[in-house]
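Asker: Please find one structure pasted underneath; my questions will follow.
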Amino acid sequence: QRSTQRAVMSTTNRLNVTPTVTTLAVIKTRLAGAIRGHKLLKKKADALTLRHRMILKSIAKAKLALGDAMRDAHFAWTRAKHAGGDGIKYAILDGVDVAAVRVRASEDNVAGVKIPKFSTRATGEDTRRMDLTGLGKGGTRVQEAKKSYAKAIELLTELASLQTAFVTLDEAIRTTNRRVNALENYVTPRLQNTVKYILSELDELEREEFFRLKKVQAKKKKDLEERELAASQEMHAEALVDEEMKTMFDGVILGEGGRGAGGNLIELEHDADLLF
């Protein structure tokens, strides 16, 4: 049960792969890519965070400026109504046919993140009718209110662009940080543990192969020694047999009748010689 638990824990901390040299090369390539990606994403997160802080400061300044501009615009409009009367509003509405200012949307790229950007542009429409509004009374106040609201529209567009960029960068920073944390705390450790596991298994296989080769060599050496011993014993036995056969045939050839005399191969006893 303990070995099973250890095996399950080791499998959860690494990839379930076959320990081979090819798999080791693939895992090392993936590990190098994960480390490189972690560095790039870290730099991207730093760049996005820096731009995020700059935009936050710009938003604070833009809000203060927009508050002052809107206050001035409302006061200017109040002065225009006071100078021109209640009917000045209808005169202004009759003098406007098409919007003189339009908002144009574009994109800005920050470390691969596309940020929407808004800007104002004049449409070039004829404003002579608007210039004649309040000619009888309150015309100066109306033009002051027009300029105040034009400035407020520019600041409002800038603030909208900054806040949209702020929200977009905030989401991009969260996504990038999640990826950085996943690579740093999950992907890279698993790949490193997998590399260690494959190296340990390959080392174990190499040790087993070395031990097996030593056993094979010892067995071959032992078999060779046994064959040499058997061959030497066989040669010694053949030598003894040859010596015994030689001694036996020498006695038969020489006999007991003298040198070169033939012996009696049948009877062991020797008869006396006959003299004539």
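Its first residue numbered 71, the sequence shown is counted upward by one per residue in the numbering used here. The C-beta atom is built at its ideal place from N, Cα and C for all residues, glycine as well.
#1: Just to confirm before moving on: does the CB-CB distance between Q193 and A170 stay below 8 Å?
#2: Report the partner residues of V347 according to the DSSP bridge assignment.
#3: Could you tell me which residues DSSP puts in a beta bridge with E177?
#4: Helix, strand or coil for A230, going by three-state DSSP, please let me know.
#5: Within 10 angstroms of the Cβ of L239, are there 16 or more other Cβ atoms? Answer buried if so, exposed if not.
#6: Which of helix, strand or coil does DSSP assign to V87?
#7: Is T246 close to chain D, meaning its C-beta is less than 8 Å from at least one C-beta of that chain?
#8: Cα separation between T264 and E279?
#9: By the 10 Å Cβ neighbour count, where 16 or more other Cβ atoms means buried, how is T246 classified, buried or exposed?
#10: Go ahead and label P218 buried or exposed: buried means 16 or more other beta carbons lie within 10 angstroms of its beta carbon, across all protein chains shown.
#11: Measuring straight from C-alpha to C-alpha, what distance separates I129 and D116?
#12: Which ranges does the alpha helix (DSSP H) cover as unbroken runs of at least 4 residues, wholly within the segment 108-142, from first to last along the chain?
#13: Among E214, H108 and D293, which residue has its Cα nearest to the Cα of D142?
#14: Taking its Cβ as the centre, do 16 or more other Cβ atoms sit within 10 Å of G330, making it buried, or is it exposed?
#15: If you draw a straight line from the alpha carbon of K133 to that of D178, how long is it in whole angstroms?
#16: From Q287 to A102, what distance separates their C-alpha atoms?
#17: By the 10 Å Cβ neighbour count, where 16 or more other Cβ atoms means buried, how is V311 classified, buried or exposed?
#18: Using the C-alpha atoms, what's the distance from T227 back to A175?
Answerer: The structure says:
#1: As a first step, residue 193 is located in the sequence shown; it is residue number 123 there, counting from the start. As a first step, residue 170 is located in the sequence shown; it is residue number 100 there, counting from the start. The sequence as given places Thr at residue 193; Gln does not occur at that position. Their beta carbons are under 8 Å apart, which means T193 touches A170 by this criterion.
#2: What is shown of the chain runs 71 to 346, which leaves residue 347 out entirely.
#3: The count along the sequence shown starts at 1 and reaches residue 177 at position 107. DSSP, once it has assigned bridges, lists P186 as partnering E177.
#4: If you number the sequence shown from 1, residue 230 lands on position 160. Correct three-state label for A230: helix.
#5: Stepping through the sequence shown from its first residue, residue 239 is reached at position 169. L239 comes out buried.
#6: Here residue 87 is taken as the residue at index 17 of the sequence shown, counted from 1. Coil at V87, not helix or strand.
#7: You won't find chain D in this structure, because it holds only one protein chain.
#8: Numbered from its first residue, the sequence shown carries residue 264 at position 194. Numbered from its first residue, the sequence shown carries residue 279 at position 209. Looking at the two C-alpha atoms, the distance is approximately 22 Å.
#9: Here residue 246 refers to the residue found at position 176 when the sequence shown is read from its first residue. Buried, since its Cβ has 16 or more Cβ neighbours within 10 Å.
#10: For the purposes of this step, residue 218 is taken as the residue at position 148 of the sequence shown. For the sequence presented, residue 218 should be read as Ser rather than Pro. S218 should be labelled buried.
#11: As a working mapping, residue 129 is identified with position 59 in the sequence shown. As a working mapping, residue 116 is identified with position 46 in the sequence shown. Approximately 20 Å, taken between the alpha carbons.
#12: As far as the segment 108-142 is concerned, it has no whole alpha helix (DSSP H) run of at least 4 residues.
#13: Here residue 142 corresponds to residue number 72 of the sequence shown, with the count starting at 1. The candidate whose alpha carbon is nearest that of D142 is E214.
#14: As a working mapping, residue 330 is identified with position 260 in the sequence shown. Summary for G330: the model assigns pLDDT 45, below 50, so the residue's position carries little reliability, and this model does not support an answer.
#15: Counting from one through the sequence shown, the residue named residue 133 turns up at place 63. Counting from one through the sequence shown, the residue named residue 178 turns up at place 108. Whole-angstrom Cα-Cα distance: 22 Å.
#16: Within the sequence shown, the letter at position 217 stands for residue 287. Within the sequence shown, the letter at position 32 stands for residue 102. Roughly 41 Å separates the two Cα atoms.
#17: Numbered from its first residue, the sequence shown carries residue 311 at position 241. If you draw a 10 Å sphere on the C-beta of V311, you find fewer than 16 other C-beta atoms in it, and that means exposed.
#18: Locating residue 175 in the sequence shown gives position 105, where the first residue counts as 1. Locating residue 227 in the sequence shown gives position 157, where the first residue counts as 1. If you take the alpha carbons of A175 and T227, they lie about 10 Å apart.
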